[in-house]
Amino acid sequence: MRHTVSVMVENKPGALARIASMFARRGFNIESLAVGPTERPDVSHITLRVDCSDRSLEQIQKQMHKLVNVLRVQELPPDEALERELLLVKVAAPPGKRAELISVAEVFNARVADLGADALIFEVVGTPEELASFEELVRPHGIKELVRTGRVGLARASARPAPRRLAVLR
Numbered sequence: 001m002r003h004t005v006s007v008m009v010e011n012k013p014g015a016l017a018r019i020a021s022m023f024a025r026r027g028f029n030i031e032s033l034a035v036g037p038t039e040r041p042d043v044s045h046i047t048l049r050v051d052c053s054d055r056s057l058e059q060i061q062k063q064m065h066k067l068v069n070v071l072r073v074q075e076l077p078p079d080e081a082l083e084r085e086l087l088l089v090k091v092a093a094p095p096g097k098r099a100e101l102i103s104v105a106e107v108f109n110a111r112v113a114d115l116g117a118d119a120l121i122f123e124v125v126g127t128p129e130e131l132a133s134f135e136e137l138v139r140p141h142g143i144k145e146l147v148r149t150g151r152v153g154l155a156r157a158s159a160r161p162a163p164r165r166l167a168v169l170r
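Using my numbering, you'd call the opening residue of the sequence shown number 1 and step up by one each time.
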């Protein structure tokens, strides 16, 4: 089972290395990893995606709490959290195909981040599933380069989960 884990750490050298090596020592692969600053300059937020059992996740959480610099560890259940990723993708775009690509991009609220003689670079923010759908739709045009961030997430501010957005193609 895949789990998203939110870890707040002191913004000190080695904090991320200690967490990553703890996963490696226990034989767990980190599928996605994102690290960034928070509203506090002395605290960083690490979002991890790991495939393990619920029991293993409990052990991982207990071990992370013992690490130096770790302030808080919590799982982000899908129905109780918002998760997003960023996708930058350079797509082959001869002048005759640009309008078609841009109309696909509009469905996903993608932005044209750069325009070249024979390619477009799109910037898309969304759920991992939305990004995968966008990638699938532009792939036939020819993907020249692609990069995705890891997931980032926060527990919902609302008491109950908000309805999920669905992209509708006409």
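Glycine included, each C-beta is placed from N, C-alpha and C at the ideal position.
- Taking the Cα of glutamate 80 as reference, the smallest distance to any Cα among Asp54, Asn29, Ala155 is reached at Ala155.
- Taking a C-beta distance under 8 Å as the contact criterion, serine 32 and arginine 49 qualify as a contact pair.
- Per DSSP, the beta bridge partners of lysine 90 are Ile121, Glu145.
- Secondary structure of serine 133 (DSSP, three-state): helix.
- In its chain, beyond the 5 residues on either side, Leu67 have a beta carbon closer than 6 Å to the beta carbon of arginine 18.
- The stretch 52-68 makes no contact with the stretch 77-92: fewer than 3 CB pairs, one atom from each, lie closer than 8 Å.
- Here glutamate 100 carries a helix assignment [DSSP, helix/strand/coil].
- With 16 or more other Cβ atoms inside 10 Å of its own Cβ, histidine 3 counts as buried.
- Contact check for valine 43 and leucine 71: beta-carbon distance about 7 Å, within the 8 Å limit, so the pair qualifies.
- If you compare the alpha carbons of Ala15, Gly27, Glu10, Lys62 with that of threonine 38, the shortest gap goes to Glu10.
- In this structure, the alpha-carbon of arginine 26 lies about 16 Å from that of leucine 16.
- The bridge partners DSSP lists for proline 37 are Ser44.
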